[in-house]
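Participant:
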Amino acid sequence: MDQRGLRNRWGLIIMVTLLVLVVGRLALLQGVDGAEYANAAEQDRLRTYPIAALRGQVLDRDGSPFAYTVAASRVVADPKVVDDPARTALALTTLLGVPVPELTEKLSKDSRYVVLATQVAPETTDAIEALELPGVLFEDDPMRLYPAGTVGGQVVGFVGRDGAGLAGIEQTFQEELAGTPGKRRVEVGSGGNPIPSGIDESSPATDGDSVNLTVDQDLQYVTEERLGKACADGATTRASAVVLDVKTAEVVAMGSCPGYDPGAYSQTDPELLGNPVVSDVFEPGSVMKAVTLSAALEEGAAKPDTVLTVNGHIDAGDRVVTDAHDHAPIEWTVTGILAKSSNVGTIMLAREVGDEKLEHYLRAFGVGSATGIELPGESAGILQKSEDWSGVRAANIAIGQGVSVTTLQMASVFQTIANGGVRVAPRIVESVTSPSGRVSASPEPASERVISKATADQMAYMLEAVVGPGGTAPLGQIEGFRVAGKTGTAQRANPDCNCYEGGGYVTTFVGFAPADDPQYVVAVDLERPTSSAEGGQVAAPVFADILRFALTADSVVPSGTARPEFDLTGTP
Amino acid sequence: MSTRATARTISPAARATHAGASPVPPRSTPRATPVRPELRLVPGPKPTRSRRPAVSVLGSRRARLVLLVVALLVGTTLGLLVLNTAIAVDSLKATQLRAENAERAQEVQRLEQQVVTAGTPAEIARAAETAGMVPAGTAAYLVLDPDGDATLRGTPAPAVPAAPADGLPGSGD
Numbered sequence: 108m109d110q111r112g113l114r115n116r117w118g119l120i121i122m123v124t125l126l127v128l129v130v131g132r133l134a135l136l137q138g139v140d141g142a143e144y145a146n147a148a149e150q151d152r153l154r155t156y157p158i159a160a161l162r163g164q165v166l167d168r169d170g171s172p173f174a175y176t177v178a179a180s181r182v183v184a185d186p187k188v189v190d191d192p193a194r195t196a197l198a199l200t201t202l203l204g205v206p207v208p209e210l211t212e213k214l215s216k217d218s219r220y221v222v223l224a225t226q227v228a229p230e231t232t233d234a235i236e237a238l239e240l241p242g243v244l245f246e247d248d249p250m251r252l253y254p255a256g257t258v259g260g261q262v263v264g265f266v267g268r269d270g271a272g273l274a275g276i277e278q279t280f281q282e283e284l285a286g287t288p289g290k291r292r293v294e295v296g297s298g299g300n301p302i303p304s305g306i307d308e309s310s311p312a313t314d315g316d317s318v319n320l321t322v323d324q325d326l327q328y329v330t331e332e333r334l335g336k337a338c339a340d341g342a343t344t345r346a347s348a349v350v351l352d353v354k355t356a357e358v359v360a361m362g363s364c365p366g367y368d369p370g371a372y373s374q375t376d377p378e379l380l381g382n383p384v385v386s387d388v389f390e391p392g393s394v395m396k397a398v399t400l401s402a403a404l405e406e407g408a409a410k411p412d413t414v415l416t417v418n419g420h421i422d423a424g425d426r427v428v429t430d431a432h433d434h435a436p437i438e439w440t441v442t443g444i445l446a447k448s449s450n451v452g453t454i455m456l457a458r459e460v461g462d463e464k465l466e467h468y469l470r471a472f473g474v475g476s477a478t479g480i481e482l483p484g485e486s487a488g489i490l491q492k493s494e495d496w497s498g499v500r501a502a503n504i505a506i507g508q509g510v511s512v513t514t515l516q517m518a519s520v521f522q523t524i525a526n527g528g529v530r531v532a533p534r535i536v537e538s539v540t541s542p543s544g545r546v547s548a549s550p551e552p553a554s555e556r557v558i559s560k561a562t563a564d565q566m567a568y569m570l571e572a573v574v575g576p577g578g579t580a581p582l583g584q585i586e587g588f589r590v591a592g593k594t595g596t597a598q599r600a601n602p603d604c605n606c607y608e609g610g611g612y613v614t615t616f617v618g619f620a621p622a623d624d625p626q627y628v629v630a631v632d633l634e635r636p637t638s639s640a641e642g643g644q645v646a647a648p649v650f651a652d653i654l655r656f657a658l659t660a661d662s663v664v665p666s667g668t669a670r671p672e673f674d675l676t677g678t679p
Numbered sequence: 004m005s006t007r008a009t010a011r012t013i014s015p016a017a018r019a020t021h022a023g024a025s026p027v028p029p030r031s032t033p034r035a036t037p038v039r040p041e042l043r044l045v046p047g048p049k050p051t052r053s054r055r056p057a058v059s060v061l062g063s064r065r066a067r068l069v070l071l072v073v074a075l076l077v078g079t080t081l082g083l084l085v086l087n088t089a090i091a092v093d094s095l096k097a098t099q100l101r102a103e104n105a106e107r108a109q110e111v112q113r114l115e116q117q118v119v120t121a122g123t124p125a126e127i128a129r130a131a132e133t134a135g136m137v138p139a140g141t142a143a144y145l146v147l148d149p150d151g152d153a154t155l156r157g158t159p160a161p162a163v164p165a166a167p168a169d170g171l172p173g174s175g176d
């Protein structure tokens, strides 16, 4: 073989070897590991973004919104991309309502992400977009609106920064209202833009369900307006009211002054962010005489026309309990005892019933246990077991002191009487509607007979005497209707001395109308630490104004029959 | 195509030199070198018709093939261009429509908000008061019997007019 042939051969061998190496590497990369690399690259490009679910609405019984969510944006900036912080801040200050120094400081920070403003309306973001400022970006930040303002605020509650309910219905129905977020898996190129022909899969979000309340927004407004007037009378520090439908025990209005606007909860004193109607307890005073007398009638211890000789004072344990004003013995009928709100007469009747039975009736009427209404923070109130009642406590409980209830519990007692003796558990949510329109009604509330129909009718008869001539609450009357109710003027415990001295009073009035075919129960209580005015004077007018609107708005036709003549006194 | 054969003769001496053999001394005899044939031009054979079609068919078949391929290439490129342009136009239109949609949705949201706000009891009360209305008192009802008699139920009372605003000319105090 000559030299040339040899060189050729070697050259060929080297080239073939190189070629084999390259092809082999290519085969390895493309063939063997190819799938792996392609996969890794794809994973690198794939991003998963959450798709926010639209929060459900909270509506009143007619569909008027109490709370709903609208689209809004969060204005953020990447300070590294912002070219001129001072000029950008100047351009944005009026649109965002943020002062220039604050904006400039944020835009000059050593960060890749700063939040300039939250929950900005779409019109404003459009205006900012038009300015084409570099480094200014937008993120979704849905805004919860409460169009009714303070009306119903305590019932509806509010949502925190992360969109979770922190009070009221927003809290108890957080799961139903929130819905389920979806997600979107998409291939993005550099700069985060989706690649048009790449993977783009999304599972849609399930929007939240809407909650339909039993509350009537108009009656709620009137109730809160009237309570607001009461709170402005100079002596009332807190006033609460609740309106129940007699037959279904649905809450048609529930409010307390001072209330709050859920849209401005962060600017409100945290002490005011609760719902006193279900969480604040107080000693009800004479309104509880309705329970004592119901027990006496039901147990057959007396009838409405039974006459008792009632002294002005009575011994109870080591104390003496007097009527509101001490007096010589009076021959009162049981009706008279209720109409005049005689403590002594009531205690006499309570003693006929006995402590154990009285406790049973109190508990049957709902005193001492939570109603189970769909609101957070409900208090069960306080009712001691009858074995623990001392002599003076037994007497006190009979007249509504030494026991604690909420406004709602008081209303529930009178709902039972008005409903022919059958207590229905109060509730505030009628149904929940899914985004597809399917309505799930709340389960039927528990109902229980507490007193017989006959006893309930007799109680309604006697309670009418309270607003009649000779009763303690003529101001509770509503022209054209027959009204039944009971006043209360309970001593308020003084937190400074833990005694009743100087604590002022909680004045109450609970009642229903029309007395001969009850439709609505209204319970009102006013906390007046510095006043001794009676329930008949301050609480009864508030009750009457609220109930008048409820009856008129619902077109309740009065029966036209006259109030019966009551015998408040008699011969034993 | 006719080819011209070029005759070339190599002298024996040159031939010998080519072969690499020892050079042959030139003959001294006057005997002439072998006679070289006379070269003259002869016309080549005339190209026959039968050959031309064979050559041109071959040519046009190739030509057609090339034309076809080029046409395919150009056609595909043009087709792609048209498709891409169409996609781009549609995609632009889609973006435009989406933007319009978003604007409309925003407008709807704004109007819905207006409606809801105007329907709240506080706003209605405000609007009513501005229009000079007063809240109604208790209603009274005329209940009709089957035989046409009307019974008044409740206590009708005229609405109390709103207190006149201060500062109106001629309003007294």
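Quick note, the sequences are listed as chains A and B, same order.
The opening position of the first sequence corresponds to residue 108 in this note's numbering, with each subsequent residue numbered one higher.
The opening position of the second sequence corresponds to residue 4 in this note's numbering, with each subsequent residue numbered one higher.
Beta carbons: idealized from backbone N, C-alpha and C, even for Gly.
Here the structure is a predicted model, which means the values were calculated and not measured.
1. Are the C-beta of A162(B) and some C-beta of chain A separated by less than 9 Å?
2. I'd like to know whether the C-beta of F588(A) is nearer than 9 Å to at least one C-beta of chain B.
3. Enumerated in chain order, which unbroken segments of the beta strand (DSSP E) with a length of 3 residues or greater are wholly contained in the segment 203-274 of chain A?
4. Given T313(A), which residues of its chain have a CB within under 8 Å of its CB, disregarding the five upstream and five downstream residues?
5. Excluding the 5 residues flanking P159(B) on each side, which residues of the same chain have their C-beta closer than 7 Å to its C-beta?
6. In chain A, which residues lie with their C-beta within 7 Å of the C-beta of T98(B)?
7. Looking only at C-alpha atoms, which of V263(A), A147(A), Q137(A) and K216(A) sits nearest to L166(A)?
8. Give the DSSP-derived three-state secondary structure of D167(A) in the structure shown.
9. Residues in its own chain within less than 6 Å of G509(A) by CB, not counting five upstream and five downstream?
10. Taking Cβ to Cβ, would you say A630(A) is nearer than 9 Å to T453(A)?
11. With DSSP run on the structure shown, which of helix, strand or coil describes E143(A)?
12. Quick one: is L114(B) near chain A, going by C-beta distance under 9 Å?
13. Within this structure, are the beta carbons of Y607(A) and S638(A) separated by less than 9 Å?
14. Run through DSSP, which three-state label would C604(A) get?
15. Do you know offhand how far S310(A)'s Cα is from R291(A)'s?
16. What residues from the segment 252-267 of chain A come within 9 Å of chain B, judged by C-beta to C-beta, listed N to C?
17. Grab me the residues of I437(A)'s own chain with a C-beta within less than 6 Å of its C-beta, minus the 5 sequence neighbours each way, in chain order.
18. If we cut at 9 Å on Cβ distances, does T120(B) have a partner in chain A?
19. Given this structure, state the Cα-to-Cα distance separating G315(A) from R162(A), to the nearest angstrom.
20. For chain A, is any of its Cβ atoms less than 9 Å away from the one on G78(B)?
21. Distance cutoff 9 Å, beta carbons only. Does P581(A) sit that close to anything in chain B?
22. Would you mind stating whether V512(A) and F389(A) have Cβ atoms separated by less than 9 Å?
23. T391(A) and M517(A): beta carbons closer than 9 Å?
24. Can you pull out the residues from the segment 226-256 of chain A whose beta carbon lies closer than 9 Å to at least one beta carbon of chain D?
25. So is A131(B) in contact with chain A if we call contact Cβ pairs under 9 Å?
26. By the DSSP assignment, the beta strand (DSSP E) with D307(A) in it spans what residues?
27. Roughly how many whole angstroms lie between the Cα atoms of D632(A) and T176(A)?
28. Taking only three categories from DSSP, how would you classify M136(B)?
29. Mind checking Q698(A): buried by the 16 CB within 10 Å criterion, or exposed?
30. Comparing alpha-carbon positions, which option in Q324(A), M566(A) and G577(A) lies nearest A360(A)?
31. Helix, strand or coil, according to DSSP, for K410(A) in the structure here?
32. Identify whether P648(A) lies in helix, strand or coil by the three-state DSSP scheme.
33. What does D661(A) touch in chain B if you count any residue whose Cβ is under 7 Å from its own?
34. Answer yes if the segment 635-653 of chain A comes into contact with the segment 582-595 of chain A, meaning at least three C-beta pairs across the two stretches below 8 Å, and no otherwise.
35. Kindly list the residues whose CB is nearer than 6 Å to the CB of V441(A), restricted to its own chain and excluding five residues on each side of it in sequence; keep chain order.
36. Could you give the residue range of the beta strand (DSSP E) that holds G452(A)?
Facilitator: According to the data block:
1. It does not: the Cβ of A162(B) has no partner Cβ on chain A nearer than 9 Å.
2. yes
3. 221-227, 243-247 and 250-252
4. Only A160, G286, T287, G289 and P542 meet the Cβ criterion.
5. A143
6. Simply none; closest approach about 11 Å.
7. V263(A)
8. Residue state, collapsed to three classes: coil.
9. R500 and N503
10. no
11. helix
12. It does not: the Cβ of L114(B) has no partner Cβ on chain A nearer than 9 Å.
13. no
14. In this structure, DSSP gives C604(A) a state outside helix and strand, which the three-state scheme calls coil.
15. 6 Å
16. L252, P254, A255, G256, T257 and V258
17. Only V417 meet the Cβ criterion.
18. yes
19. Rounded to whole angstroms, G315(A) to R162(A) spans 5 Å at the Cα level.
20. no
21. No, its Cβ sits nowhere closer than 9 Å to a Cβ of chain B.
22. Taking 9 Å as the cut-off, the Cβ atoms of V512(A) and F389(A) count as close.
23. Rather than Thr, the amino acid found at residue 391(A) in this sequence is Pro. Against a cut-off of 9 Å, the Cβ pair of M517(A) and P391(A) comes out as a contact.
24. The question asks about chain D, but that chain is absent: this structure's protein chains are A and B.
25. no
26. D307 to S310
27. 34 Å
28. It is coil, neither helix nor strand.
29. This structure leaves residue 698(A) out entirely; chain A is present only between 108 and 679.
30. Q324(A)
31. coil
32. helix
33. What D661(A) touches in chain B: nothing, since even the nearest Cβ is about 10 Å away.
34. Contact between the segment 582-595 of chain A and the segment 635-653 of chain A is established, with three or more Cβ pairs separated by less than 8 Å.
35. A409, P411 and T413
36. G452(A) -> not in any beta strand (DSSP E); alpha helix (DSSP H) instead, spanning N450 to V460.
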